[in-house]
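Chemist:
In the working numbering, the protein residues as written are 883 to 1161.
#1: Just curious, the alpha helix (DSSP H) that residue 1004 is in, first and last residue?
#2: Would residue 958 and residue 944 qualify as a contact pair, given that the criterion is a beta-carbon distance under 7 Å?
#3: Buried or exposed: residue 978, going by 16 or more other Cβ atoms within 10 Å of its Cβ?
#4: In this structure, how does DSSP classify residue 915 when only helix, strand and coil are distinguished?
#5: Can you give me the C-alpha to C-alpha distance between residue 1052 and residue 1082, rounded to a whole angstrom?
#6: Leaving out five residues on either side along the sequence, give the residues of the same chain with a beta carbon under 6 Å from the beta carbon of residue 1158.
#7: Pull up the CB-CB distance for residue 962 and residue 937, whole angstroms please, since I reckon it's below 8 Å.
#8: Could you check where the alpha helix (DSSP H) with residue 1103 kicks off and where it finishes?
#9: Where do the N-terminal and C-terminal ends of the alpha helix (DSSP H) with residue 1024 fall, by residue?
#10: Near residue 915, what residues of its chain come up, given a Cβ to Cβ distance below 6 Å and the 5 sequence neighbours on each side ignored?
#11: Beta-carbon within less than 7 Å of residue 1060's beta-carbon, same chain only, minus the 5 sequence neighbours each way: which residues are those?
#12: In the structure shown, what three-state DSSP assignment does residue 1125 receive?
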């Protein structure tokens, strides 16, 4: 081994010591998804097209019913493009996690013996993925919506900060829910059924389709109290200034804590029950 190689290894080790493990995993998740450039472009294009179609539908609806759900037309269109921007970062249409495949292959056994929490490891990677998709798939639809229709913008820097905090909290709640769905494979073997059920719940009760304030009576109150509302509806209302900041962030934080705690218990349980299929 030459002196140059030894020096390079020493520099690498110093970098590893100075950058915490989970911060490196966030960076890894970001860089990993940044390699799929054309898939990202296709996703941004699809989000933008469906955003335009949804915007025209909402414009027609709000012109027929002005002030519906407490939104004006501009706010309804803004709601449309904010929710489109949430699809990729919050992985609303799927788990975005490799845990089910690793459970079926048996590779999960290797994950469980790492000197790091499987849940925190997965969360760190998912935060990196969400950060990349926020910039690459979330911002383009919003810019297009602003150019074509004109969308509302937070009036103060504090409102921007509240939205970003709410968006991050929504990503964490989304991960915590998807992590539980992924762990269910250990007991259900096949995750397609629970995945489809999760998709229905997330689509209906997150605010992805329409503002949850449109749901009548006790159904609306229940929908706004469920964890899926913390994923999309809460950050969108913070962006529009339609919700109290501290109460909304506390609501998201409570659901994040509950779901992450459930995920920690589930992780402990699968240490005693790992179903291995195949090689």
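Here a beta-carbon is modelled for each residue, glycine too, at the ideal position from N, C-alpha and C.
Modeler: Well, looking at it:
#1: 1000–1015
#2: yes
#3: buried
#4: helix
#5: 18 Å
#6: Interpretation of residue 1158 is limited by its pLDDT of 47, a score under 50 that renders its predicted location unreliable; no figure is taken from the coordinates.
#7: 5 Å
#8: 1099–1107
#9: 1021–1030
#10: 1011 and 1014
#11: 973, 977, 978 and 979
#12: coil
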